[in-house]
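In my numbering, the protein residues as written are -2 to 230.
What follows is a set of notes on a single structure, which appears directly below.
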Amino acid sequence: MQDIQIGGLVPFTTIDYPNKLSAVLFLVGCPLRCEYCSNPHLLSVGNGEYDPERVLEWIKSRTGKLEAIVFSGGEALMQGPALFQYIRRVRELGFKIGLHTNGFYPNLLADAVDLVDWIGLDFKATREKYPDLTGQNIAYDNMIKSLEIWQKSGKDFEVRITCDPRFISKDDLVQITDILSAKGVKNIAIQKYVPHFESDTNKTTEAQRNQFFNDENLRAQINSGFDSVVWRE
Ligand code: SF4
């Protein structure tokens, strides 16, 4: 079996796993090609820059200082068995395991239920706009299957919606949050789209990006449907 391919590491964060001090490993490879991707260097499967054994030694050295290790990407589940084997080794060290996923691999997510304690799942747009945003026709349906699989597991999770105004309108956001509320989802995060590259800065205006966050009526309407709504600006 090929080793896990790690392309990036954030050694300390308080925001990537709710209420836990954690580190994030960014795995290479992703089946989607989102317009707003902030990690394009991670999208193609190739050799990761980090030696997995050295990273594991480093994780061991964080015992007592960190509570969780979060696997992000790219799409971490794309690494299948290599990911699962690595997670088992991290779990043996006593860390909680978080997973950021776009939901493209529901069967692999089902296989990961016993290994992962919490997920952050992307709900990127309405069904109609998903192909334009992600470059994949089946991404929406797969994401919904992943959501349902994780809900059945009874484990904690958060659904995350990044509001890129090129792909999400206020009406879309209401439509998406209505779907999530009807499905009984309790915790969501509404995330501001932040251009990450110089070439992106002129594609949307600050006012367009802020429109979801400045609308008190919209916020109140959405907040009323959930136990927790985090507005990440
Ligand atoms: S799912 Fe995430 S990593 Fe993959 S292309 Fe989209 S934004 Fe980038």
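Ideal placement from N, C-alpha and C gives every residue a C-beta, glycine not left out.
Using a Cβ-Cβ cutoff of less than 6 Å, which residues in the same chain neighbour residue i once the five nearest sequence positions on both sides are dropped?
{"i": "Asp153", "result": "Trp115"}
{"i": "His97", "result": "Ser69 and Gly117"}
Counting C-beta neighbours from all protein chains within 10 Å, is the total for residue i 16 or more, i.e. buried, or is it exposed?
{"i": "Arg233", "result": "The structure shown has nothing for residue 233, since the chain only spans -2 to 230."}
{"i": "Asp119", "result": "buried"}
{"i": "Ile236", "result": "The structure shown has nothing for residue 236, since the chain only spans -2 to 230."}
{"i": "Asn44", "result": "exposed"}
{"i": "Pro28", "result": "buried"}
{"i": "Asn301", "result": "Absent from the model: residue 301. The displayed extent of the chain is -2 to 230, so no value can be given."}
{"i": "Phe9", "result": "exposed"}
{"i": "Ser58", "result": "exposed"}
{"i": "Val7", "result": "exposed"}
{"i": "Ser143", "result": "buried"}
Starting from the Cα of residue i, find the closest Cα among the options and give me that residue.
{"i": "Leu112", "options": "Arg124, Cys34 and Ala79", "result": "Ala79"}
{"i": "Leu24", "options": "Gln218, Gln208, Ile3 and Tyr14", "result": "Ile3"}
{"i": "Ser69", "options": "Leu63, Glu89, Asp108 and Tyr14", "result": "Tyr14"}
{"i": "Tyr83", "options": "Leu177, Leu22, Thr159 and Ser221", "result": "Leu22"}
{"i": "Gly132", "options": "Glu32, Val67 and Tyr102", "result": "Glu32"}
{"i": "Ile56", "options": "Leu40, Cys34 and Arg88", "result": "Arg88"}
{"i": "Gly71", "options": "Arg124, Leu90 and Arg30", "result": "Arg30"}
{"i": "Pro192", "options": "Lys142, Ile146, Asn36 and Ala20", "result": "Asn36"}
{"i": "Ile1", "options": "Gly26, Phe9, Lys62 and Lys142", "result": "Gly26"}
{"i": "Glu155", "options": "Leu53, Thr202, Val42 and Asn16", "result": "Asn16"}
{"i": "Ala217", "options": "Val171, Thr201 and Thr202", "result": "Val171"}
{"i": "Lys180", "options": "Phe92, Glu203, Ile146 and Pro162", "result": "Ile146"}
Considering only residues of the same chain and omitting the five flanking positions on each side of residue i, which have a CB-CB separation below 7 Å?
{"i": "Ala122", "result": "Leu130, Phe164, Ile165 and Asp169"}
{"i": "Asn199", "result": "none"}
{"i": "Lys189", "result": "Cys160, Arg206, Phe210, Arg229 and Glu230"}
Can you name, in chain order, every residue of its own chain whose Cβ lies under 8 Å from the Cβ of residue i, other than the five neighbours on each side?
{"i": "Lys183", "result": "Phe223, Asp224 and Ser225"}
{"i": "Ser150", "result": "Val110"}
{"i": "Glu46", "result": "Ile3, Gly4 and Gly5"}
{"i": "Leu74", "result": "Leu80, Leu96, Thr98, Phe101, Tyr102, Leu105, Leu106 and Ala109"}
{"i": "Lys62", "result": "Leu18"}
What is the DSSP secondary structure of residue i, reduced to helix, strand or coil?
{"i": "Arg30", "result": "coil"}
{"i": "Leu40", "result": "coil"}
{"i": "Leu170", "result": "helix"}
{"i": "Thr10", "result": "strand"}
{"i": "Glu233", "result": "No answer is possible for residue 233: it lies beyond the span of the chain, which begins at -2 and ends at 230."}
{"i": "Ala136", "result": "helix"}
{"i": "Asp153", "result": "strand"}
{"i": "Leu24", "result": "strand"}
Say whether chain C places a C-beta atom closer than 9 Å to the C-beta of residue i.
{"i": "Gly95", "result": "The displayed structure is made up of one protein chain only, and chain C is not part of it."}
Original post:
Can you give, in chain order, each stretch of the alpha helix (DSSP H) that sits fully within the stretch 46 to 120 and has at least 4 residues?
Top reply: Fully enclosed alpha helix (DSSP H) runs of 4 or longer: 49 to 58, 77 to 89 and 103 to 109.
**OP:** Output the residue ranges of the beta strand (DSSP E) runs that lie fully inside the stretch 158 to 223 and measure 3 residues or longer, sorted by chain position.
**Re:** Counting whole runs of 3 or more residues, the stretch 158 to 223 contains the beta strand (DSSP E) stretches 184 to 189.
Original post:
What does the shell around the ligand HEM hold, if a residue joins when its beta-carbon is under 6 Å from any heavy atom?
Top reply: The ligand HEM is not among the ligands present in this structure, which contains only the ligand SF4.
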